[in-house]
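Heads up, the sequence shown is in full-length UniProt numbering, so the first residue is 1 and it goes up one at a time.
We put the beta carbon where it would ideally sit given N, CA and C, even for glycine.
If you're wondering where the values come from, they're calculated on a predicted model, not measured in any experiment.
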Amino acid sequence: MDESQRSRVLGGAVVVVLVMVVVLGGFLVFRSKPSHMLTVRSIPNDLTLTLDGTAIAADGQVKVKEGRHTLVGQRRGFETYTQRIDLRGDSSVKVYLFSNSADGRSWERNHPDQVLETEADAARRYEEMNGRLQRTYPILQELPYVGPGFTVNYGASEALPDDPEQLAFYIKVTDSEGRRKSQEWLTGHGYATADLELIYTT
Numbered sequence: 001m002d003e004s005q006r007s008r009v010l011g012g013a014v015v016v017v018l019v020m021v022v023v024l025g026g027f028l029v030f031r032s033k034p035s036h037m038l039t040v041r042s043i044p045n046d047l048t049l050t051l052d053g054t055a056i057a058a059d060g061q062v063k064v065k066e067g068r069h070t071l072v073g074q075r076r077g078f079e080t081y082t083q084r085i086d087l088r089g090d091s092s093v094k095v096y097l098f099s100n101s102a103d104g105r106s107w108e109r110n111h112p113d114q115v116l117e118t119e120a121d122a123a124r125r126y127e128e129m130n131g132r133l134q135r136t137y138p139i140l141q142e143l144p145y146v147g148p149g150f151t152v153n154y155g156a157s158e159a160l161p162d163d164p165e166q167l168a169f170y171i172k173v174t175d176s177e178g179r180r181k182s183q184e185w186l187t188g189h190g191y192a193t194a195d196l197e198l199i200y201t202t
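Right under this line is the structure:
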């Protein structure tokens, strides 16, 4: 093989290696998800907290990869708490457990400041959720409603029972025209029946 052939072969090999480095580097860059800071506040502050099965501090900050994760808080004497989070940026989360035995109630008596914080936050979250429900389902302002041949009320969704912000509307039909009249009442008040989870009973 003469000198020019060797140069061409060597040059081609260098190009192939460079292409492989660029492709591999790009794959690793795009494969790696960015990390964000998750700030955690827990009550009781001595609970055991795990993120995707790995123990983390009950209070403080932890760097977490972007995406979906599961937090689980546990302590003897308290209900286990599970929350799924979809992390897209720096965020904070509160993990509050509620007592379910004498051990838990004893802890609460000895930590009244943390109990007050838990109750205040629970009340705030309830008010926020109630406000979101009223905006999502303005029909709630008119319920329960008793009409000719039907009654309308609301309750937990059967399609999405684990989501407290999804509601179903229970319509009890009391005569042969009740179903039709209930649908006329809903559409007449501006509610699209196709957008509501309607459950009819007799």
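Legend entry - Given 8 Å, three or more beta-carbon pairs between the region 50–65 and the region 110–123: no
Inset, instruction - State the CB to CB distance for the pair Glu119 and Leu97, rounded to an integer number of angstroms; the pair is presumed to be in contact (CB under 8 Å). - result: Incorrect: roughly 13 Å between the Cβ atoms, too far for contact.
Inset, instruction - Report, in whole angstroms, the separation of the C-beta atoms of Leu133 and Leu167, which I expect to be a contact under 8 Å. - result: 7 Å
Inset, instruction - Please name the residue in Arg105, Tyr137, Ser42 and Lys33 whose C-alpha comes closest to that of Gln74. - result: Ser42
Legend entry - Continuous beta strand (DSSP E) stretch holding Lys65: start and end: Gly60 to Lys65
Inset, instruction - Report yes or no: do the region 146–160 and the region 119–128 share at least 3 C-beta pairs separated by less than 8 Å? - result: no
Inset, instruction - Mind checking which residues open and close the alpha helix (DSSP H) that includes Arg124? - result: Pro112 to Thr136
Legend entry - Bridge-paired residues (DSSP) for Ile43: Tyr96
Inset, instruction - Out of Leu198, Val173, Ser91 and Arg76, point me to the one whose CA is closest to residue 203's CA. - result: Limits of the chain in this structure are 1 at one end and 202 at the other, which puts residue 203 out of reach.
Inset, instruction - Assign Ser182 to one of two classes, buried (16 or more other C-beta atoms within 10 Å of its C-beta) or exposed (fewer than that). - result: buried
Legend entry - Identified DSSP bridge partners for Ser101: Beta-bridge pairing links Ser101 to no other residue.
Inset, instruction - Would you grab the beta carbon distance between Lys33 and Gly77 for me? Rounded to a whole angstrom, and I think it's under 8 Å. - result: Their Cβ separation, rounded to whole angstroms, is 37 Å, which puts Lys33 and Gly77 out of contact at 8 Å.
Inset, instruction - Please determine, among Thr174, Ile85, Tyr200 and Leu196, the residue with the shortest C-alpha to C-alpha distance to Leu160. - result: Leu196
Inset, instruction - Note down the Cα distance separating Lys65 from Gln83, rounded to an integer number of angstroms. - result: 16 Å
Legend entry - the ligand SAM heavy atom lying under 8 Å from the CB of Ser101: You won't find the ligand SAM in this model; it holds no ligand whatsoever.
Inset, instruction - Report the three-state DSSP secondary structure of Arg75 (helix, strand or coil). - result: coil
Legend entry - Nearest neighbour of Val95, chosen from Met129, Arg105, His189 and Tyr81 [CA to CA]: Tyr81
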